[in-house]
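Numbering-wise, the sequence shown is residues 6 to 101 according to our numbering.
Beta carbons: idealized from backbone N, C-alpha and C, even for Gly.
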Amino acid sequence: MVATSRKKTAAILSLSAIMYTAYVGPGFASGTQTVSYFNNKGWIGIFLGPALAGLLCFVFSILLFEVNRIYQPVSYRDAYNTIYRPKRLQLFFRNF
């Protein structure tokens, strides 16, 4: 039981680390682009901007986890077709 719990915790932490590095990405080294963007918006950008960006990232991550938990796609293409089920959305988002 303890070994299963440790493996589950390790899996959650490793997934969290991967998501963090993908989200922060290459701008983490200097951070000048991110800082200049939020500073350009004034005090609202400095305090509210990062909080709102983090909240949106959290909400969309939870939504994607729920889609994967419920539909259990076996490939990225299956997940894509599940999320963008209407054909119009598939035609629109395939260009990005």
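The straight-line gap separating the alpha-carbon atoms of Y76 and N44 is approximately 41 Å. Our two residues, I88 and C62, have alpha carbons roughly 17 Å apart in a direct line. K12 carries a helical assignment under DSSP once its states are collapsed to helix, strand and coil. By the CB criterion at 7 Å, A84 and P78 fall inside the cutoff.
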